[in-house]
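Participant: Just so we're aligned, residue 100 is where the sequence shown starts under the numbering used here, counting upward by one.
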Amino acid sequence: MLAGAVLPIASSGLFARPLSSLFLPGVPAAQDRVFVLINLNGGNDGLNTVIPINDQHYYDARPSIAIKKSDALPISGGLGLNGVMTDIQSLYNNGQCAIIESVGYPDQDRSHFRSTDIWNTASDSNVVLHTGWMGRYLENSHPEYPGILPTAPFAMQIGSSATLALQGEKGGMGMAIDNPDRFYNLANGLSVQPEPLPATQAGPELQFVRDVIAQSNRYSSEIHNAMVGGSTNAQYDGDNLASQLKVVARLINGGLKTSIYVVTLGGFDTHYGQMTAQAQLLSRLSKGIKNFLADLNVAGNGDRVVCMTYSEFGRRVNENGSQGTDHGAASPQFVFGKSVLGGKVLGGAPNLVDLDNRGDIMFVNDFRQIYSAVLQDWFGFGKSNVDTVLGGSFAKLPLFTPLAGGVMDEDHARNAGYALQQNFPNPVSGSTLISFNVPEACQVDLNVIASDGRLVRNMISRRVDAGDHQIQFDASRLASGTYSYTLESRGYRLTKRMVVVR
Numbered sequence: 100m101l102a103g104a105v106l107p108i109a110s111s112g113l114f115a116r117p118l119s120s121l122f123l124p125g126v127p128a129a130q131d132r133v134f135v136l137i138n139l140n141g142g143n144d145g146l147n148t149v150i151p152i153n154d155q156h157y158y159d160a161r162p163s164i165a166i167k168k169s170d171a172l173p174i175s176g177g178l179g180l181n182g183v184m185t186d187i188q189s190l191y192n193n194g195q196c197a198i199i200e201s202v203g204y205p206d207q208d209r210s211h212f213r214s215t216d217i218w219n220t221a222s223d224s225n226v227v228l229h230t231g232w233m234g235r236y237l238e239n240s241h242p243e244y245p246g247i248l249p250t251a252p253f254a255m256q257i258g259s260s261a262t263l264a265l266q267g268e269k270g271g272m273g274m275a276i277d278n279p280d281r282f283y284n285l286a287n288g289l290s291v292q293p294e295p296l297p298a299t300q301a302g303p304e305l306q307f308v309r310d311v312i313a314q315s316n317r318y319s320s321e322i323h324n325a326m327v328g329g330s331t332n333a334q335y336d337g338d339n340l341a342s343q344l345k346v347v348a349r350l351i352n353g354g355l356k357t358s359i360y361v362v363t364l365g366g367f368d369t370h371y372g373q374m375t376a377q378a379q380l381l382s383r384l385s386k387g388i389k390n391f392l393a394d395l396n397v398a399g400n401g402d403r404v405v406c407m408t409y410s411e412f413g414r415r416v417n418e419n420g421s422q423g424t425d426h427g428a429a430s431p432q433f434v435f436g437k438s439v440l441g442g443k444v445l446g447g448a449p450n451l452v453d454l455d456n457r458g459d460i461m462f463v464n465d466f467r468q469i470y471s472a473v474l475q476d477w478f479g480f481g482k483s484n485v486d487t488v489l490g491g492s493f494a495k496l497p498l499f500t501p502l503a504g505g506v507m508d509e510d511h512a513r514n515a516g517y518a519l520q521q522n523f524p525n526p527v528s529g530s531t532l533i534s535f536n537v538p539e540a541c542q543v544d545l546n547v548i549a550s551d552g553r554l555v556r557n558m559i560s561r562r563v564d565a566g567d568h569q570i571q572f573d574a575s576r577l578a579s580g581t582y583s584y585t586l587e588s589r590g591y592r593l594t595k596r597m598v599v600v601r
């Protein structure tokens, strides 16, 4: 706590051990991508955020707190944004913001704690899970975990405690840090004593402490170097969300190899005095996102980063007696970034006539459809693996341009039983033998690729039986240089290099 960080620690029964492996080898096109989760904590009122400006039911239900049509910022589909969200309106008009309307899940839970857990774990409302959707994603991406300690955490929350979303079966798959400089200063002063461990029950505990120190030192140096080397290219406001986003931008711009960040904007539990309180929060969100994306764009990182909001629930359609709103159900969420298929509203204006049995907005888009899009189209995770992570099949929403082929990384291919051997001989001047294995009968493409990405030769493009296969490739007509050959089948890709000499 003094370090301003919570390290990822896993439990193994009586003794604890630090997290050992975080990094996802990943799809080549997705390895450099960053995902930022923005938690609008407290349950943001969606109707006063994305306003159905042409629906009289909205104005009838909220005689005191409805946003006037003349004060809203028009977007499309009979909707308008809260008047303080001018920067988000600009992002929307420029195609860098998509809005998903009426997001929720069946049998909405209206408890802050339970509904937050449902969002973090991607569970059904009647199922309690103790692992998070991002934690399971990382573990599914790392069948070799625990393994070699990485140089930087895969996921990071800017705050004092790590979200359940990053929890895996084997422990936390990320870390929480609220002050990078304080974390570095404390961790940099720690050392590990070389004395042998005592042959008692205290031995594993002492090793645990030593491992945490070693991990802290390793992470702290990378985080410190990124903070020092990272630039700030925008003028941020002084509020808490802006401060968190500024830290994330500096770490990204400084080259930290962390792919997932979580930030939080609290205060959305607006049971009374909502008009002023929510406007202040939405203004901070709008300005913070605009400055954050501008910061990344100046540094050349704008194409690599997308952001997504989430809030545990929306609010009631009808206002209460305190010029506020109580806990409700479905609500809109936002996705931001240059790589977002923006300028559109998915799901259309909320239906204020066909309500649930408590008089709240019914969901149109399951929140796990957004998660499915993030995992498949942003990180390039295979559909079957996404279904495993989310505990079911959820049709992804069109939020990002899918990665080419949705190709899975090599670890997944090998774990699925695919194998591609090094050609022999290598280097080669004439003929060389290429061997591969597939676990079942399937369509296979075996290609030779030049160093500039050109397709040189398609050796196989047909269905083959399960088992081992060998192909004799004639390289005698190729110019000297380094080439690669790839095996692709069912969304998997394996690659090897070969050298041609003359």
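A virtual CB, placed ideally from N, CA and C, is assigned to each residue, including glycine.
Exposed or buried, A298, counting other C-beta atoms within 10 Å across all chains shown (16 or more means buried)?
Facilitator: When all chains shown are included, A298 counts as exposed.
Participant: Alpha carbon to alpha carbon, how far is L265 from G112? Give it in angstroms, no decimals.
Facilitator: In this predicted model, G112 has a pLDDT of only 29, less than 50, meaning its place in the structure is not dependable; the value taken from the coordinates is given anyway. Approximately 20 Å between the Cα atoms of the pair.
Participant: In the structure shown, what three-state DSSP assignment does E238 receive?
Facilitator: helix
Participant: Please report the Cβ distance between T331 and R309, rounded to the nearest whole angstrom; I am assuming they are in contact, meaning their Cβ atoms lie under 8 Å.
Facilitator: T331 to R309, Cβ: 36 Å. No contact.
Participant: Counting C-beta neighbours from all protein chains within 10 Å, is the total for Y584 16 or more, i.e. buried, or is it exposed?
Facilitator: buried
Participant: Provide the residue(s) that pair with N45 in DSSP beta bridges, ordered along the chain.
Facilitator: Since the first residue shown for the chain is 100 and the last is 601, residue 45 is missing from the structure and cannot be characterised.
Participant: Determine which residues share a DSSP beta bridge with Q569 and list them.
Facilitator: S534
Participant: Does the segment 216 to 226 come close enough to the segment 414 to 432 to have 3 or more Cβ pairs within less than 8 Å?
Facilitator: no
Participant: Looking at the unbroken beta strand (DSSP E) that takes in S201, where does it start and where does it end?
Facilitator: C196 to G203
Participant: May I have the straight-line CA-CA distance separating A574 from V473, to the nearest angstrom?
Facilitator: Distance between the alpha carbons of A574 and V473: 41 Å.
Participant: Could you tell me the boundaries of the beta strand (DSSP E) in which R592 lies?
Facilitator: Y591 to V599
Participant: Since I217 is in the alpha helix (DSSP H), which residue starts that stretch and which ends it?
Facilitator: H211 to T220
Participant: DSSP on D465, reduced to helix/strand/coil?
Facilitator: strand
Participant: Between the C-alpha atoms of N140 and F212, what's the straight-line distance to the nearest angstrom?
Facilitator: Straight-line Cα distance between these residues: approximately 10 Å.
Participant: If you compare alpha carbons, which of L146, Q468, L554 and S259 is closest to R161?
Facilitator: L146
Participant: From T500, Y591 and Y470, pick the residue whose C-alpha is nearest to that of C541; which is it?
Facilitator: Out of T500, Y591 and Y470, Y591 has the C-alpha closest to the C-alpha of C541.
Participant: Where P173 and Q379 are concerned, what is the direct C-alpha to C-alpha distance, given to the nearest angstrom?
Facilitator: 20 Å
Participant: At which residues does the alpha helix (DSSP H) containing A378 begin and terminate?
Facilitator: Its alpha helix (DSSP H) spans residues Q373 to V397.
Participant: Going by alpha carbons, who is nearest to N557 out of P524, V362, E587 and P538?
Facilitator: When only C-alpha atoms are compared, the closest one is E587.
Participant: On the DSSP bridge list, what partners appear for I359?
Facilitator: F134 and A254
Participant: Quick check on G273: buried or exposed, where buried means 16 or more other Cβ atoms within 10 Å of its Cβ?
Facilitator: buried
Participant: Run through the DSSP bridge pairs and tell me what M274 is partnered with.
Facilitator: Per DSSP, M255.
Participant: With 16 as the cutoff for other CB atoms within 10 Å, does T220 come out buried or exposed?
Facilitator: buried
Participant: Hey, does I164 have any beta-carbon neighbour from chain C nearer than 8 Å?
Facilitator: Reference to chain C is not applicable here, since this structure consists of a single protein chain.
Participant: List the residues that DSSP assigns as beta-bridge partners of P173.
Facilitator: G179
Participant: Tell me the rounded alpha-carbon separation between G481 and R589.
Facilitator: 10 Å
Participant: Answer with buried or exposed for T500, where buried requires no fewer than 16 other C-beta atoms within 10 angstroms of its C-beta.
Facilitator: exposed
Participant: What's the gap between the Cα of E539 and the Cα of V404?
Facilitator: The alpha-carbon separation between E539 and V404 amounts to approximately 37 Å.
Participant: To the nearest angstrom, how far is it from the Cα of I164 to the Cα of G365?
Facilitator: 20 Å
Participant: So, using beta-carbon positions, are I257 and Q334 closer together than 8 Å?
Facilitator: no
Participant: Kindly indicate which residue of R562, P526, L593 and V563 has the alpha-carbon position closest to the one of F572.
Facilitator: Minimum Cα-Cα distance from F572 among the listed residues R562, P526, L593 and V563 corresponds to P526.
Participant: For the candidate residues I359, I548, G413 and E321, whose alpha-carbon lies nearest to that of Q377?
Facilitator: G413
Participant: Any contact of the segment 415 to 423 with the segment 355 to 364, i.e. 3+ C-beta pairs under 8 Å?
Facilitator: Too few Cβ pairs lie closer than 8 Å, so no.
Participant: Going by C-alpha to C-alpha distance, which of K595, S382, C196 and F367 sits closest to S438?
Facilitator: C196
Participant: Within 10 angstroms of the Cβ of A578, are there 16 or more other Cβ atoms? Answer buried if so, exposed if not.
Facilitator: Its Cβ having fewer than 16 others within 10 Å, A578 is exposed.
Participant: Would R601 and S528 qualify as a contact pair, given that the criterion is a beta-carbon distance under 8 Å?
Facilitator: yes
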